[in-house]
Each structure stands twice: as structure tokens, then as C-alpha cells.
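Remarks on the structure that follows.
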Amino acid sequence: MGRITLLPETLCNQIAAGEVVERPAAVVKELLENSIDAGSRRITVSLLQGGRKEIRVVDDGEGMDADDALLALERHATSKIRTAEDLQTIRSLGFRGEALPSIAAVSRFELVTKTAETVAGTRIEMEGGVLRDVRETGCPPGTSVTVRDLFFNLPARRKFLRSVDTEMAHITDQVLRLALAHPGVHFVMSHGGRETHRFPPVKDLRERVGQVLGTATAASLAPFQLETPSFKASGVLSPPEAHRNSTRSLFVTVNGRPVKDRLLTHAVLSAYDSLIPRGKYPLVVLSLTLPSEEVDVNVHPTKREVRFRRPSEVTQGVKEALSRSLLRLQKKAWSRPLAGGPFPDPTVPAGARSGLHESQEALSAVPALATPQPSPPEPLRPVPPSISPGDGPLHQQHFFDPSESGATETGSTRFSRLKILGQLADAYILLEAPDGLVLIDQHAAHERIVYERLVDLETGRPPSQRLLQPEVVEFLPVEAARLRRHLPQLEAMGFEVEPFGGDAFVIQAIPAALSRVAPAALLRSVVETETEERGLEKPDPAAALSKTAACHGAVRAGQPLTPEEIRKLLQDLDRTRVSATCPHGRPLWWKLTLKEIARLFART
Numbered sequence: 001m002g003r004i005t006l007l008p009e010t011l012c013n014q015i016a017a018g019e020v021v022e023r024p025a026a027v028v029k030e031l032l033e034n035s036i037d038a039g040s041r042r043i044t045v046s047l048l049q050g051g052r053k054e055i056r057v058v059d060d061g062e063g064m065d066a067d068d069a070l071l072a073l074e075r076h077a078t079s080k081i082r083t084a085e086d087l088q089t090i091r092s093l094g095f096r097g098e099a100l101p102s103i104a105a106v107s108r109f110e111l112v113t114k115t116a117e118t119v120a121g122t123r124i125e126m127e128g129g130v131l132r133d134v135r136e137t138g139c140p141p142g143t144s145v146t147v148r149d150l151f152f153n154l155p156a157r158r159k160f161l162r163s164v165d166t167e168m169a170h171i172t173d174q175v176l177r178l179a180l181a182h183p184g185v186h187f188v189m190s191h192g193g194r195e196t197h198r199f200p201p202v203k204d205l206r207e208r209v210g211q212v213l214g215t216a217t218a219a220s221l222a223p224f225q226l227e228t229p230s231f232k233a234s235g236v237l238s239p240p241e242a243h244r245n246s247t248r249s250l251f252v253t254v255n256g257r258p259v260k261d262r263l264l265t266h267a268v269l270s271a272y273d274s275l276i277p278r279g280k281y282p283l284v285v286l287s288l289t290l291p292s293e294e295v296d297v298n299v300h301p302t303k304r305e306v307r308f309r310r311p312s313e314v315t316q317g318v319k320e321a322l323s324r325s326l327l328r329l330q331k332k333a334w335s336r337p338l339a340g341g342p343f344p345d346p347t348v349p350a351g352a353r354s355g356l357h358e359s360q361e362a363l364s365a366v367p368a369l370a371t372p373q374p375s376p377p378e379p380l381r382p383v384p385p386s387i388s389p390g391d392g393p394l395h396q397q398h399f400f401d402p403s404e405s406g407a408t409e410t411g412s413t414r415f416s417r418l419k420i421l422g423q424l425a426d427a428y429i430l431l432e433a434p435d436g437l438v439l440i441d442q443h444a445a446h447e448r449i450v451y452e453r454l455v456d457l458e459t460g461r462p463p464s465q466r467l468l469q470p471e472v473v474e475f476l477p478v479e480a481a482r483l484r485r486h487l488p489q490l491e492a493m494g495f496e497v498e499p500f501g502g503d504a505f506v507i508q509a510i511p512a513a514l515s516r517v518a519p520a521a522l523l524r525s526v527v528e529t530e531t532e533e534r535g536l537e538k539p540d541p542a543a544a545l546s547k548t549a550a551c552h553g554a555v556r557a558g559q560p561l562t563p564e565e566i567r568k569l570l571q572d573l574d575r576t577r578v579s580a581t582c583p584h585g586r587p588l589w590w591k592l593t594l595k596e597i598a599r600l601f602a603r604t
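Counted the way the UniProt record's numbering counts, the sequence shown spans residues 1 to 604.
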């Protein structure tokens with residue numbers, strides 16, 4: 001007797017359910033997609049025990065007659081495609097005909113449906129994929145699906161379900177993403193008989209964002225839009241300072257389908273590159289619309305991933321749309337003169353706590369008067385009249401030459417108009433603003449200046465400074481191999497580096513912005529840092545290299561600066577496109593307002 005046998009239909013459905021039905025949230029997603037495909041204008045989701053006990057989705061869509069309702073519970077039965085060619089132009093959210101039979105195979109399942117043309121509706125009951133009852137029933141047009149005791153016949157699977165709160169969090173996430181993708185549909189969600197969410201239909205995405213994420217959050221977001229002959233990208237994004245801790249704050253839809261696409265996520269994060277700290281994420285709601293033949297949605301069991309016919313064009317367009325909006329945000333933030341209003345805080349979103357958080361937190365950091373403290377070094381002193389040489393080959397005597405011409409003047413000055421008070425610990429520049437004290441991290445500020453000169457977005461390749469005496473640098477074999485692959489990126493930054501035999505390279509020129517830095521030490525530090533810590537194997541290695549070069553080429557903390565050098569740094573910082581963060585996304589300045597200072601001294 002042979003060892004290979006055909007599996008029974010019920011077992012096949014249970015196996016298929018393993019791919020489609022991961023947890024209660026997957027059931028909700030599939031049922032909501034079916035309701036949206038049916039043209040529903042109102043959808044209600046009711047849950048018990050986080051969906052483990054019961055999930056009920058009721059819609060007012062077109063419904064089904066008795067024959068279609070029975071056929072819908074057969075595997076690979078669907079009304080959405082007919083031929084193989086239809087797979088190339090899928091416009092619906094569902095199309096495989098697997099969801100309903102897979103869900104019915106692992107639950108106690110009830111389907112009630114009716115079309116507008118039929119007199120009576122149809123009620124179908126199944127248990128573990130086995131048909132139990134079919135009968136006529138009275139019901140309004142539309143469809144109601146009830147899923148009870150999910151995984152009752154798969155105890156091993158059921159025990160892997162998480163707590164009610166965890167499962168509810170996953171379900172809520174699915175509902176919110178579909179609500180954002182379809183603002184014209186009325187969504188209502190309840191748990192244990194209590195309504196938790198209600199999103200009435202609205203005309204545009206901005207209104208739906210206010211419903212889903214809150215009106216205060218929606219008010220802080222900026223719109224973006226880009227339309228090309230191939231696609232349209234639109235949505236809203238958060239300012240860089242309002243970053244989050246996970247990618248759950250990225251809401252991406254493609255032709256009305258919520259997706260978690262790696263390429264689109266990278267495009268979004270690339271737009272925020274150098275604006276937010278590493279490991280932080282923006283809040284972005286992105287809606288992408290393109291012809292159905294330009295995107296393949298049949299690449300993942302749960303349809304959460306897609307594949308584009310022209311991925312580079314789409315991702316570059318998305319990045320461009322977001323980058324333009326972020327640049328407008330930056331210009332808007334700095335359009336007000338300092339004397340006309342409060343100094344904007346670059347690191348705290350509107351409505352958040354102040355720069356020093358709450359006064360109680362600040363006061364708690366002050367040592368008690370009764371506790372003897374060692375005498376600290378003098379924290380604030382006048383700016384020294386001269387500058388001493390720094391340590392190591394990367395630190396030269398003069399970082400800021402007042403005779404140098406910086407970037408093109410933007411027409412609005414900020415920091416350079418403030419009164420210079422001095423340096424704190426040779427690391428922070430202290431300025432007096434109309435309403436408080438401004439502290440600037442001198443290394444982060446100079447790093448931002450150098451980085452923008454290296455990337456030089458408007459003029460292309462930044463100017464180079466040829467060396468009077470070319471320098472030969474030896475590298476380890478692994479470093480040399482990586483350096484060879486990235487010579488084009490180094491050239492785009494203004495380096496002229498050529499192979500010199502074996503693992504040696506000769507430096508003919510370096511970026512003019514780094515002309516006062518030792519060339520050999522600079523190139524070695526760039527290659528070694530990128531190789532060991534972050535890696536050169538990145539989608540945008542030129543940006544990573546520029547960040548590292550700017551970091552190593554900028555003035556260090558602990559470096560005294562002359563008044564002229566501080567003034568030149570402030571002028572150059574005023575000309576940068578982004579004055580709030582260093583290239584790695586860390587804040588480069590902070591302000592302590594007079595009101596906050598008064599609170600510290602209990603004067604208010």
C-alpha cells in the first residue's frame with residue numbers, strides 16, 4: 001500500500017487556515033475586506049473576549065443569494081476573478097476565495113446574507129468546516145458573519161493566543177488601518193457590548209486621520225502629494241521632532257489595501273534621514289494609487305506585501321513627495337523672526353512638555369542644600385581670545401575661517417542675531433534669546449553644516465580641495481574591498497581617491513568643507529567607522545558616508561572657540577536647510593525659557 005494519500009477536504013481547509021487565520025485580528029481583516037469589496041457604506045465589528053469567544057462583522061453591502069452563499073464557503077470560490085489574466089489587474093481587496101472556508105474550518109461559523117432583490121435571506125451554520133444547517137431567514141440586505149470559539153478544534157493553536165488586551169490591540173490596529181484606507185466607509189467597533197471606536201464617513205483623508213489618531217495629532221501633521229503619469233502619492237506626515245518608537249506609526253495603503261511593504265517603508269524613512277534619531281520613526285499616513293497592472297498583490301498568503309512593476313520610480317517618488325513637505329515644514333518653522341515670538345522648540349511637539357520637562361523634575365535634579373558638594377569646575381566663562389590645538393590628527397587649529405563663504409544666504413537669520421554669552425565646558429555655546437537661554441551643541445551644529453555641504457543637494461557634487469602632496473593610505477583587505485565598491489559615493493562627496501596597488505589608495509583631493517582635516521586620518525576613520533559600526537551595505541551609502549565624514553570632520557566637544565569662530569559657526573548654521581538636528585537626528589540646540597528659569601527659582 002502506498003504511503004501517499006489525498007487529504008480530506010476538512011483537513012485541507014484547516015491547513016489553509018494556518019496561513020490565512022493567524023489570530024482573531026486576521027479573521028477581522030478578512031471579513032472587513034470582504035465587506036468593503038461588497039460596496040458596504042457601514043460596517044460594524046462586535047467582539048467578545050478579544051475575538052476568541054466571538055467575532056461578528058455586519059455590513060450593508062450587496063449581500064448574496066442562497067446559491068452564492070453556499071458556493072462562497074467552498075475553497076477557491078470567488079466573484080472577483082474569472083481568468084488567469086484577471087490576476088494581473090486585481091482591483092478588489094480579496095480574490096483567492098480562501099478566507100471564508102478557512103475561517104469556517106477552525107470555528108463555529110454562521111453566515112447570514114441577503115441581496116436587495118430577494119425576499120428572504122439565507123442563514124448557513126458550520127462547525128469545524130462541516131455544514132450543519134441551511135435555511136431561509138428574515139434579515140436586512142447585506143451580510144453578517146459570526147465566528148465563535150476560534151480554534152476550538154485546534155487546541156494546540158488556541159493555546160498560543162495571547163491575552164485579551166494583546167489580541168484587542170492587534171484587532172484595533174487592523175480596523176484603524178482599514179478605516180484610514182477607506183475614509184468614505186462608516187466603521188463601528190465594540191468589545192463586550194461597549195462601543196470602543198466609531199468613525200463616521202468623511203470626505204478626505206485629513207478628516208479621517210483626525211478621527212483615528214486624534215484632532216490634536218492631525219493638526220500637527222503636514223500634507224504631501226505627488227502625481228505622475230504612473231502613480232499618485234498623497235497623505236500627511238509628522239514633523240521630525242514628533243517621532244515615535246516603532247514602525248506601527250507608519251500607515252501605508254496601496255490602492256486601498258493596507259500593506260507593510262519594505263521598499264515603501266525605506267522610502268519613508270529615507271525622507272527623514274538625518275532628521276530623526278536612529279531607532280525612531282515618524283508618523284506618516286501614505287496613500288498610493290496606481291493602475292492595478294502596475295502592482296502585484298498576489299505575493300503573500302495574507303496579501304500584506306505587494307510588488308511593484310517599477311519599484312525605483314515609485315519609491316523615489318514617495319521619497320521626493322515627503323522630502324518636499326519636510327522642507328516646507330522646516331522653512332515655515334524658521335519664517336518668524338526671533339523678536340516677534342517665542343523661539344521654536346525643535347524637539348518637543350506642540351502640546352508636549354517643556355524643554356526641561358516639568359519643573360518638579362528639574363528641581364529634583366538640584367542637590368539638597370544640606371548636602372556638601374565638591375566644588376565644580378567653573379561652568380560658564382567668557383569665550384577665550386585664542387584657540388589651542390586639538391588632540392589627534394583629525395583636529396586642526398582653525399575650524400571656522402571668517403573669510404570663508406558659506407552656503408547661499410537664505411534671507412532669514414536666527415542664531416547669529418542672538419547675543420553670545422560664552423562657552424560651557426568647551427562643548428556648548430550659550431546665547432541670550434529674547435525670552436530665554438539657548439544652548440547649542442557645537443559639535444552637532446558644525447556636523448550639520450559640514451554634512452549639508454557634502455551632500456549639496458542643489459549644486460550636485462560639492463567642491464573639492466586638491467592636496468599639494470597626495471597621500472597614500474594602506475587598508476586592511478576587508479576595508480580595501482569595501483572602499484573599492486564605494487569609490488563612486490566618495491567621489492560624489494568631493495573625494496578623489498584612486499587605487500595605488502594592493503590594498504593601498506592615494507588621496508588626490510578631499511571635500512573643501514573638510515579641507516582643514518588631516519586627509520589620511522579622515523578617510524581611514526570614515527571607512528573604519530562605517531565598516532565596524534554601521535556597515536557600508538546600505539540602500540544609500542553616500543548619505544551614510546557623508547554623515548560619518550561630517551562627524552569626524554566637525555569640531556569636537558572640548559574644543560575652545562574664539563568669538564569670531566563662534567560667530568562664523570552661527571552664521572553658517574543659519575544657512576543650513578535643517579537647523580534643528582545633527583545628521584544623525586539628535587537635537588543640536590535647546591532653549592531654557594525665562595518662565596522655566598523663574599519656576600526653578602520659585603518666582604512664579
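Where is the CB? At the ideal position from N, CA and C, for every residue including glycine.
Per-residue burial, residue i [other beta carbons within 10 Å of its own, 16 or more giving buried]
i	result
residue 261	buried
residue 505	buried
residue 598	exposed
residue 380	Because residue 380 sits at a pLDDT of 36, beneath the cut-off of 50, its placement in the model cannot be relied upon, and the following sentence gives the value as read from the coordinates. Exposed, since its Cβ has fewer than 16 Cβ neighbours within 10 Å.
residue 499	exposed
residue 469	exposed
residue 220	buried
residue 611	What is shown of the chain runs 1 to 604, which leaves residue 611 out entirely.
residue 81	At residue 81 the pLDDT is 44, less than 50, meaning the model places this residue with poor confidence; the figure from the coordinates comes in the next sentence. By the neighbour-count rule (16 or more Cβ atoms within 10 Å), residue 81 is buried.
residue 131	exposed
residue 580	buried
residue 585	buried
DSSP-derived helix/strand/coil call for residue i
i	result
residue 586	coil
residue 247	helix
residue 155	helix
residue 182	coil
residue 3	coil
residue 234	strand
residue 216	helix
residue 272	coil
residue 495	coil
residue 559	coil
residue 504	strand
residue 339	Unreliable positioning characterises residue 339 in this predicted model, as indicated by a pLDDT of 37, which lies under 50. A coordinate reading is not provided.
residue 431	strand
residue 210	helix
residue 462	coil
residue 54	strand
residue 509	strand
residue 172	helix
residue 413	Bear in mind that the predicted position of residue 413 carries a pLDDT of just 48, short of 50, making it too unreliable to give a figure here.
Residues bridged to residue i (per DSSP)
i	result
residue 258	253
residue 137	121
residue 190	46, 195
residue 227	232
residue 143	59, 113
residue 289	232
residue 222	237
residue 476	Paired residue(s): none; residue 476 is not in a bridge.
residue 591	438
residue 148	54, 108
Proximity below 7 Å, CB of residue i to CB of residue j
i	j	result
residue 101	residue 71	no
residue 250	residue 212	no
residue 512	residue 571	no
residue 256	residue 142	no
residue 209	residue 285	yes
residue 150	residue 304	no
residue 449	residue 440	no
residue 233	residue 321	yes
residue 167	residue 50	yes
residue 46	residue 56	yes
residue 58	residue 44	yes
residue 252	residue 259	yes
Closest Cα partner of residue i within the set the options
i	options	result
residue 291	307, 447, 156	307
residue 204	246, 106, 269, 183	183
residue 453	543, 508, 25, 136	543
residue 443	419, 420, 417, 569	569
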